[in-house]
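Student:
Residue numbers (the numbering used here), protein chains in the order written: chain D, 1 to 89; chain B, 1001 to 1421.
1) How big is the Cα-Cα spacing for residue 1255 of chain B and residue 1036 of chain B?
2) For residue 1262 of chain B, does the three-state DSSP call read helix, strand or coil?
3) Please give the ranges of any beta strand (DSSP E) in the region 1096–1138 of chain B, keeping only runs that are unbroken, at least 3 residues long and fully inside the region.
4) Within its chain, find whatever has a CB closer than 6 Å to the CB of residue 1126 of chain B; leave out the 5 residues flanking it on each side and keep chain order.
5) Contact between the region 1359–1371 of chain B and the region 1311–1320 of chain B is defined here as three or more beta-carbon pairs at a separation below 8 Å; is this criterion met?
6) Helix, strand or coil for residue 1 of chain D, going by three-state DSSP, please let me know.
7) In angstroms, rounded to a whole number, what distance separates the CA positions of residue 1020 of chain B and residue 1079 of chain B?
8) Can you give me the Cβ contacts of residue 1105 of chain B inside the same chain, cut-off strictly under 6 Å, excluding the 5 residues immediately before and after it?
9) Using alpha carbons as the reference points, say which of B:1241, B:1210, B:1245 and B:1224 lies closest to residue 1232 of chain B.
10) Can you name the start and end residues of the alpha helix (DSSP H) that residue 60 of chain D belongs to?
11) With 16 as the cutoff for other CB atoms within 10 Å, does residue 1051 of chain B come out buried or exposed?
12) Under 8 Å by Cβ, that's how I've got residue 1069 of chain B and residue 1143 of chain B pegged, so tell me the actual separation to the nearest angstrom.
13) Quick one: give me the first and last residue of the beta strand (DSSP E) that residue 1173 of chain B is part of.
14) Who pairs with residue 1377 of chain B in a beta bridge, going by DSSP?
15) Would you decide whether residue 1271 of chain B is buried or exposed? Buried here means 16 or more other CB atoms lie within 10 Å of its CB.
16) Please say whether residue 1260 of chain B and residue 1418 of chain B have beta carbons closer to each other than 8 Å?
17) Cβ atoms of residue 1095 of chain B and residue 1101 of chain B: under 8 Å apart, would you say?
18) Distance cutoff 8 Å, beta carbons only. Does residue 1120 of chain B sit that close to anything in chain D?
19) DSSP three-state label for residue 1212 of chain B, please.
20) I want to verify the contact list: residues of chain B whose CB lies under 8 Å from the CB of residue 32 of chain D, in sequence order.
21) Got a sec: is the Cβ-Cβ distance from residue 72 of chain D to anything in chain B below 8 Å?
22) Could you give the DSSP three-state label for residue 1153 of chain B: helix, strand or coil?
23) Hey, could you find the ends of the alpha helix (DSSP H) residue 1339 of chain B is sitting in?
24) Strictly by DSSP, which residues pair up with residue 1303 of chain B?
25) How is the beta strand (DSSP E) around residue 1243 of chain B delimited, first residue to last?
26) Does any CB atom of chain D fall closer than 8 Å to the CB of residue 1331 of chain B?
27) Chain B partners of residue 80 of chain D, CB-CB under 9 Å?
28) Tell me which residues of the region 1166–1177 of chain B have at least one Cβ-Cβ distance to chain D shorter than 8 Å, keeping chain order.
29) Below 8 Å, how does it come out for the region 1217–1228 of chain B and the region 1130–1142 of chain B: are there three or more Cβ pairs, yes or no?
30) Below 9 Å on C-beta distance, what does residue 25 of chain D contact in chain B?
31) Let me see if you follow: with CB-CB separation under 8 Å, is residue 1422 of chain B close to chain D or not?
32) For residue 1300 of chain B, go through chain D and note every residue whose CB falls closer than 8 Å to its CB, in chain order.
33) In terms of DSSP beta bridges, what is residue 1393 of chain B paired with?
34) By the 10 Å Cβ neighbour count, where 16 or more other Cβ atoms means buried, how is residue 75 of chain D classified, buried or exposed?
35) Between the region 1399–1414 of chain B and chain D, which residues of the former have CB atoms less than 8 Å from a CB of the latter, in chain order?
36) Between residue 62 of chain D and the rest of its own chain, which residues show a CB-CB distance below 6 Å, the 5 nearest in sequence each way excluded?
Pasting the structure below:
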């Protein structure tokens, strides 16, 4: 992101491009992040750490919008559905 | 103008040259759902091919944050706007998606960048396009989600970086290289015929001896993957790492090997191969080629902006969380089916997704050996059944490249050795 809003007189800037976005899009994003990382072998603890970290912008945004309880439920369900054997299993 | 059959549009299309197709075609599949924009591909390419003076602005491979970013800036919005103006009555897709390889996405009703005669000036222009400004080339990831420091404090990250302005809605990362199109706009536009498509693998190259730097290819390529080099006064573009494809690269050891950007992908989102073509340019039946399977059988991988008409050979598994109207504009009408299949992968798709980046050798065929059922669970109300199948990859001469299972054991490196090799 830039420091400030783009200058309106900047000829290289396009402005006013509408994007469809709502709470449902954020929820879908949270489901996908959780499922993709679960498929790759992350357990619930590691996936939740990713959502909690403010430096993972998209995941953390979902955490803030949806709340901890909903994200924890999403992660738990994905981790349970895509569990992987670990050393010692 | 000669007519060619564009299978991605499901119809004949006007193109400045008669149809001619290679024996095999360089093609690739990127799984956007897994891209984290680490830019390993970008730097692998940069450090191999475009590190010299005069190439500072060149990123043959790049990753941009959609919908905010673009390299060059706003490339897709600008070409889509031109296409809109060329189609004042609008464009649409008719028919339905199907298994028919000559029109798998239905039929595109509208003018492509080759058919927009009323928009072409001067008369010698063959392709609808525009020439990006220097400013548009110079800042590949500006206004995206890259971290920035505090204003007036160079060389330091902001101590509370997460509080900086950020995008408040969805986004995804779009990794791009030259699509080595079946109907290249760069080739169509070149007045010197300096651009050619190799008959053995369909890789599109600019003959550096013939090019005079008119920049018609830069103007015509809708994906903006032809770039002008000021100090040599000729244009350059992605060469698909052809020494690796040919197996002549020292690392290849005589075996067809995937490009640098593919090999460097730590997110394991990329797979590249060579697909067989029919005489009409459609893909020949090659059921056990993984690229053919992902595009024509599982139908989870879709071309980027097929409506432009170049028949790009880069295919993307679309990001599942992005609003569908945006995705349909970007990947065409196959999006809904692709996401449905990817969300609920069947046994074979689950196994084929395991082939990504297990080897740098080009995979020509695969085989799935059924394994035991590992478990069943429920995810969002649907049943998930996982079978621990084994997928075996074969190379050009049919020799086994590797085999891997769906259920791979996870090894977590202990903390004290976290960064050791």
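Here a beta-carbon is modelled for each residue, glycine too, at the ideal position from N, C-alpha and C. All figures in this text were calculated on a predicted structure; none of them were measured in a lab.
Tutor: Straight from the coordinates:
1) Position 255 of the second chain holds residue 1255 of chain B. Position 36 of the second chain holds residue 1036 of chain B. Straight-line Cα distance between these residues: approximately 30 Å.
2) Translated into positions along the second chain, residue 1262 of chain B becomes position 262. DSSP, read as helix, strand or coil, puts residue 1262 of chain B in helix.
3) As far as the region 1096–1138 of chain B is concerned, its whole beta strand (DSSP E) runs of at least 3 residues are 1107–1109.
4) Counted from its first residue, the second chain places residue 1126 of chain B at position 126. Counting only Cβ-Cβ distances below 6 Å, and skipping sequence neighbours, we find 1016, 1188 and 1189.
5) No: the two stretches stay apart, fewer than three of their Cβ pairs being nearer than 8 Å.
6) Counted from its first residue, the first chain places residue 1 of chain D at position 1. Residue placement at residue 1 of chain D is flagged as unreliable, the pLDDT there being 44, under the threshold of 50; the coordinate-derived value follows with that caveat. Residue state, collapsed to three classes: coil.
7) To locate residue 1020 of chain B, count along the second chain from 1; it is residue 20. To locate residue 1079 of chain B, count along the second chain from 1; it is residue 79. Residue 1020 of chain B and residue 1079 of chain B: Cα-Cα distance of roughly 26 Å.
8) Sequence index remark: in the second chain, residue 1105 of chain B carries index 105 (1-based). Closer than 6 Å at the Cβ level, and outside the excluded window around residue 1105 of chain B, lie 1097, 1332, 1333 and 1334.
9) For this step, residue 1232 of chain B is matched to residue 232 along the second chain. Looking from the CA of residue 1232 of chain B, the closest CA among B:1241, B:1210, B:1245 and B:1224 belongs to B:1210.
10) Stepping through the first chain from its first residue, residue 60 of chain D is reached at position 60. In the DSSP assignment, residue 60 of chain D falls within the unbroken alpha helix (DSSP H) covering 57–66.
11) For the purposes of this step, residue 1051 of chain B is identified with residue 51 of the second chain, where counting begins at 1. Exposed, since its Cβ has fewer than 16 Cβ neighbours within 10 Å.
12) If you number the second chain from 1, residue 1069 of chain B lands on position 69. If you number the second chain from 1, residue 1143 of chain B lands on position 143. Taking 8 Å as the upper bound for CB-CB distance, residue 1069 of chain B and residue 1143 of chain B are in contact here, some 6 Å apart.
13) Locating residue 1173 of chain B in the second chain gives position 173, where the first residue counts as 1. 1172–1176 is the span of the beta strand (DSSP E), which, as asked, contains residue 1173 of chain B.
14) For the purposes of this step, residue 1377 of chain B is taken as the residue at position 377 of the second chain. Looking at the DSSP output, residue 1377 of chain B bridges to B:1384.
15) Position 271 of the second chain holds residue 1271 of chain B. So residue 1271 of chain B counts as buried.
16) Locating residue 1418 of chain B in the second chain gives position 418, where the first residue counts as 1. Locating residue 1260 of chain B in the second chain gives position 260, where the first residue counts as 1. No.
17) Within the second chain, numbered from 1, the residue matching residue 1101 of chain B stands at position 101. Within the second chain, numbered from 1, the residue matching residue 1095 of chain B stands at position 95. The answer is no: Cβ separation not under 8 Å.
18) Position 120 of the second chain, counted from the first residue, corresponds to residue 1120 of chain B. No, because no Cβ of chain D sits closer than 8 Å to the Cβ of residue 1120 of chain B.
19) The residue labelled residue 1212 of chain B in the question sits at position 212 within the second chain. Three-state DSSP puts residue 1212 of chain B in coil, outside helix and strand.
20) For the purposes of this step, residue 32 of chain D is taken as residue 32 along the first chain, with counting starting at 1. Within chain B, the residues near residue 32 of chain D are 1033, 1319, 1320 and 1321.
21) Sequence index remark: in the first chain, residue 72 of chain D carries index 72 (1-based). Interface residue (Cβ-Cβ distance to chain B less than 8 Å): residue 72 of chain D is not classified as such.
22) Counted from its first residue, the second chain places residue 1153 of chain B at position 153. In the structure shown, residue 1153 of chain B sits in coil (DSSP, three-state: anything other than H, G, I, E or B).
23) Numbered from 1 along the second chain, position 339 holds the residue referred to as residue 1339 of chain B. Residue range 1335–1343 is occupied by the alpha helix (DSSP H) that includes residue 1339 of chain B.
24) The residue given as residue 1303 of chain B occupies position 303 in the second chain. Paired residues: B:1315.
25) Looking up residue 1243 of chain B in the second chain gives position 243. Careful: residue 1243 of chain B lies outside any beta strand (DSSP E), inside the alpha helix (DSSP H) at 1242–1245.
26) Residue numbering aside, residue 1331 of chain B sits at position 331 when the second chain is read from its first letter. So, not an interface residue.
27) Along the first chain, read from residue 1 onward, the residue named residue 80 of chain D stands at position 80. Residues of chain B passing the Cβ test: 1377, 1378 and 1379.
28) Cβ contacts with chain D come from 1166, 1167, 1168, 1169, 1170 and 1171.
29) Contact holds between the region 1217–1228 of chain B and the region 1130–1142 of chain B, because three or more Cβ pairs, one in each stretch, are under 8 Å apart.
30) Position 25 of the first chain, counted from the first residue, corresponds to residue 25 of chain D. Those within 9 Å of residue 25 of chain D in chain B are 1169, 1170, 1321, 1322 and 1323.
31) The displayed coordinates of chain B run from 1001 to 1421. Any statement about residue 1422 of chain B would go beyond what the structure contains.
32) Taking the second chain and counting its residues from 1, one reaches residue 1300 of chain B at position 300. One finds nothing in chain D with a Cβ atom closer than 8 Å to the Cβ of residue 1300 of chain B; even the nearest lies about 14 Å away.
33) Counting from 1 along the second chain, the entry for residue 1393 of chain B is found at position 393. DSSP lists B:1366 and B:1402 as partners of residue 1393 of chain B.
34) As a working note, residue 75 of chain D is residue 75 in the first chain. So residue 75 of chain D counts as buried.
35) Cβ proximity to chain D below 8 Å picks out 1407, 1408, 1409, 1410, 1411 and 1412 from the region 1399–1414 of chain B.
36) Locating residue 62 of chain D in the first chain gives position 62, where the first residue counts as 1. Around residue 62 of chain D: 26, 29 and 30.
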